[in-house]
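See below for the structure under consideration.
Here it is, written out as structure tokens:
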């Protein structure tokens, strides 16, 4: 069965690769650098492209002929140090089911693409399964050319407290635990749609208003959320996340809050910037009044103003084992009692993600900046700093 599937899925990459064509400015340059899929380079003046063959005049006048479907990039500058080292660049192949294959391109024929993983093993997939190639490992950083294992960030859908526009891989469960208290789950239904939930581990320590570490950082509420996202070109992705928080802070609220957040991630799954705009809706809340007569109403329902906010997330792969993540939020408008933001104006966070094949650790720092002196937390501080520690795990087929 696997052989049949492989034979059915290999033609699209061939078609995709042949789409690479030289631009007019490529022929106007005196010197261009052509990076091939096997890691080799061709340097010289690009003369023309006939059908699938690119003709290059090298220094000295010799002519070289390059197959267009074997070209990764054409640039005017010198190649990155990873290429100059003589080693084939490691890249990330993103497949139609949102899974990723990280390694070094070996070869391609009419039915199969061969990639060598960091552990030396060969893996094979059909060309028609390929959606895009993330060329993050072609950038000018020495660690991409270093020997030894290298692990991509498998948790690109997650920042620290927020989300990116990337989706969970299809058919896989994602799990995160923060400080043994906050449990989060995410599942990829399709490559563009995921659903998730989170809840707090029951803890008498957390429910205490006198604890100095987690008060107003974690809330005893469960949440359900769903995210839909679509790629826009090869370097951007747009998404919409909808979240429902169960159990309002006060019984006066008829329902929990609904959060709608539009997300845009720009870059690739390993290095990107995510911008977001969100709106928190609480509906109406009930205010009880003193009873002056038998005909007077005992309560009135008042609409609660929406809470809007902006988010900025940064995800940067900085070494074969580490990803730098910064997750930030700014709450707009005035603070109102029992809003989701717990009176903070800004929340900032920074962490390093220790990448492994199927799991990762996030270690960093987060801070809360409150709106004004009347909205201090219960300890009289306008700015609070808290540690951040979480464990991420992928559950599903390898």
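Residue numbers (my numbering): 3 to 400.
Idealized CB from N, CA, C, for every residue including glycine.
To the nearest angstrom, how far is the alpha carbon of residue i from that of residue j?
i, j, result
"residue 102", "residue 300", "60 Å"
"residue 58", "residue 25", "14 Å"
"residue 335", "residue 345", "11 Å"
"residue 108", "residue 130", "17 Å"
"residue 56", "residue 75", "13 Å"
"residue 63", "residue 118", "36 Å"
"residue 283", "residue 324", "37 Å"
"residue 379", "residue 128", "Residue placement at residue 379 is flagged as unreliable, the pLDDT there being 49, under the threshold of 50; the coordinate-derived value follows with that caveat. About 57 Å."
"residue 82", "residue 159", "Any reading at residue 82 is ruled out, since the residue's pLDDT is 44, under 50, leaving its predicted position unreliable."
"residue 279", "residue 112", "45 Å"
"residue 165", "residue 373", "24 Å"
"residue 271", "residue 168", "7 Å"
"residue 305", "residue 281", "15 Å"
"residue 394", "residue 309", "30 Å"
"residue 361", "residue 156", "8 Å"
"residue 258", "residue 200", "15 Å"
"residue 73", "residue 193", "27 Å"
"residue 392", "residue 183", "10 Å"
"residue 234", "residue 302", "47 Å"
"residue 45", "residue 35", "5 Å"
With 16 as the cutoff for other CB atoms within 10 Å, does residue i come out buried or exposed?
i, result
"residue 396", "buried"
"residue 319", "buried"
"residue 196", "buried"
"residue 61", "exposed"
"residue 227", "buried"
"residue 247", "buried"
State the DSSP-derived secondary structure class of residue i, mapped to helix, strand or coil.
i, result
"residue 161", "coil"
"residue 111", "coil"
"residue 69", "strand"
"residue 233", "strand"
"residue 51", "strand"
"residue 29", "helix"
"residue 389", "strand"
"residue 277", "strand"
"residue 131", "helix"
"residue 85", "Unreliable positioning characterises residue 85 in this predicted model, as indicated by a pLDDT of 40, which lies under 50. A coordinate reading is not provided."
"residue 98", "coil"
"residue 24", "coil"
Does the distance between the C-beta of residue i and the nearest non-hydrogen atom of the ligand MG fall short of 7 Å?
i, result
"residue 239", "The model depicted lacks the ligand MG and carries no ligand whatsoever."
What residues in its chain sit with their C-beta under 6 Å from that of residue i, if we drop five residues either side in the sequence?
i, result
"residue 174", "190, 396, 398"
"residue 94", "102, 104, 136, 154"
"residue 17", "Caution applies to residue 17, whose pLDDT of 38 falls short of 50 and renders its modelled position unreliable; the value that the coordinates give is listed next. Cβ neighbours of residue 17 beyond the five flanking positions: none."
"residue 77", "35"
"residue 313", "164, 278, 331"
To which residues of the same chain is residue i closer than 8 Å at the C-beta, ignoring the five residues directly before and after it?
i, result
"residue 367", "351, 352, 353, 387, 388, 389, 390"
"residue 51", "23, 24, 57, 70"
"residue 242", "229, 230, 231, 262, 263, 264, 265"
"residue 363", "355, 356, 391, 392, 393, 394"
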